[in-house]
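One structure below.
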């Protein structure tokens with residue numbers, strides 16, 4: 103699922119189009135050490151397989167996948183149907199939660215008792231005890247320029263219902279931030295603020311004490327501010343890796359997609375310790391991210407627009423925003439890239455130049471406890 107245009111990789115199109123398909127990969131064995139192109143999925147030759155039949159939900163974009171220890175996967179929030187910027191995005195947000203059992207190809211709707219407001223641009227991570235943490239997003243009901251600053255937990259394995267956590271982030275409401283788990287701490291990087299634009303702040307939430315620590319303020323880290331990027335933590339817990347996203351200037355009028363990758367040692371993560379490493383194959387925003395049991399960071403999908411993109415319409419101008427997105431060249435990707443976190447590699451590997459599924463961005467992707475992507 104995600105935003106896409108028909109055709110192969112790198113096809114230009116309008117952002118306002120959205121289609122969806124439920125896709126899965128079955129991995130028969132742990133990944134081989136070489137991870138060579140076209141053989142990275144399995145030495146037994148098991149590759150991408152499209153699930154039969156249509157899922158019981160509308161086409162979605164910006165939903166987030168959350169794997170659970172029993173091998174199932176949650177699909178949380180996002181936009182349903184067509185989207186195109188401005189207030190229009192917020193009108194199509196959902197508060198749907200679905201649970202997918204890929205072994206049975208069965209979806210269970212868990213949306214009935216969801217207490218939080220519809221949203222997209224939220225952040226989700228699952229702890230080892232199956233507690234799902236959801237943070238922030240867009241937008242408050244009837245207030246399309248007001249981002250959320252709430253935090254929620256949920257555990258469908260233990261039966262714990264959604265609960266709002268009483269904690270006060272050291273910043274305003276944001277969306278399109280990244281979150282990564284290290285022990286009991288959630289590392290939150292960047293995002294979009296209606297007041298400050300794209301961000302580069304780094305904050306940590308201790309899920310036991312519920313206290314926040316601002317590791318570096320906005321503008322202190324050397325990487326450009328950004329939203330719709332991705333982060334991950336190495337298996338040994340020594341590195342936080344950041345890549346991709348989109349950077350805004352001039353109050354959100356000028357946008358460009360990012361191809362850079364950065365890392366910082368943990369737990370210190372001082373602003374002056376960030377180091378730029380190898381670039382992505384191409385600049386992209388809204389890439390999916392997950393770390394395999396083998397220790398490889400995997401990203402797939404995302405989108406690109408020309409660096410000449412200039413947004414003249416205000417966010418309240420729905421018609422103007424829609425026309426802008428319709429007229430802007432919009433490329434989506436269906437490549438698969440990998441970064442070996444076991445040896446602190448600085449170079450991305452191209453694992454697939456063109457996967458069999460249609461190119462897309464804002465896709466939900468993850469790896470289940472039984473090794474299925």
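In the working numbering, the protein residues as written are 103 to 475.
Cβ atoms here follow ideal geometry from the backbone N, Cα and C, with glycine treated the same way.
CB residue 470 to CB residue 204, shorter than 8 Å? yes
What are the uninterrupted segments assigned as beta strand (DSSP E) that are 3 or more residues long and contained completely in the stretch 161–236, given in chain order? Listed in chain order, they are 166–169, 175–178, 199–203, 208–211 and 225–228.
Could you check which residue in 325, 467 and 468 has the C-alpha nearest to that of residue 304? 325
Just how far apart, CA to CA, sit residue 394 and residue 347? 21 Å
If you compare alpha carbons, which of 155, 464, 387 and 232 is closest to residue 260? 232
In angstroms with no decimal places, state the Cα-to-Cα distance between residue 402 and residue 150. 13 Å
DSSP puts residue 459 in a beta bridge; with which residues? None; residue 459 has no bridge partner.
Cβ of residue 388 within 8 Å of Cβ of residue 437? no
According to the neighbour-count rule (16 or more other Cβ atoms, all chains shown, within 10 Å of its Cβ), is residue 156 buried or exposed? exposed
So the candidates are 194, 272 and 280; which of them puts its Cα closest to the Cα of residue 236? 280
With a threshold of 16 other CB atoms inside 10 Å of the CB of residue 452, please say whether the residue is buried or exposed. Taking all protein chains shown into account, residue 452 has fewer than 16 neighbouring C-beta atoms within 10 Å of its C-beta and is therefore exposed.
For residue 262, list the residues DSSP reports as bridge partners. 257
Comparing alpha-carbon positions, which option in 381, 327 and 154 lies nearest residue 358? The option with the nearest alpha carbon to residue 358 is 327.
Residues bridged to residue 342 (per DSSP): DSSP, once it has assigned bridges, lists 335 and 366 as partnering residue 342.
Would the stretch 272–287 and the stretch 238–248 be scored as touching if the rule is three or more Cβ pairs under 8 Å? yes
First through last residue of the beta strand (DSSP E) which encompasses residue 401: 398–402
How many whole angstroms separate the CB atoms of residue 183 and residue 161, which I take to be in contact at a CB cut-off of 8 Å? 6 Å
8 Å Cβ cutoff met for residue 344 and residue 333: A contact, by the Cβ cut-off of 8 Å.
Check whether the Cβ atoms of residue 216 and residue 197 sit closer than 8 Å, and answer yes or no. yes
Alpha-carbon to alpha-carbon, residue 356 and residue 168: 33 Å
What separation, rounded to the nearest whole angstrom, lies between the Cα atoms of residue 363 and residue 391? Pairing residue 363 with residue 391, the inter-Cα distance amounts to about 13 Å.
Consult DSSP for residue 464 and reduce its assignment to one of helix, strand or coil. coil
Just to confirm, is the Cβ distance from residue 209 to residue 264 under 8 Å? no
Looking only at its own chain, which residues have a Cβ that is under 8 Å from the Cβ of residue 337, when we skip the five neighbours before and after it? 393, 397, 443 and 444
According to the neighbour-count rule (16 or more other Cβ atoms, all chains shown, within 10 Å of its Cβ), is residue 455 buried or exposed? The residue is exposed, with fewer than 16 neighbouring Cβ atoms inside 10 Å.
How big is the Cα-Cα spacing for residue 319 and residue 307? Each residue's alpha carbon lies about 15 Å from the other.
Could you please give me the residues that DSSP links to residue 451 through a beta bridge? 440
Cβ distance (whole Å) where residue 267 is taken to contact residue 312 below 8 Å: 6 Å
Unbroken beta strand (DSSP E) run spanning residue 471, endpoints: Per DSSP, residue 471 belongs to no beta strand (DSSP E) and is neither H nor E.
Whole angstroms are fine: how far does the CA of residue 256 sit from the CA of residue 458? 34 Å
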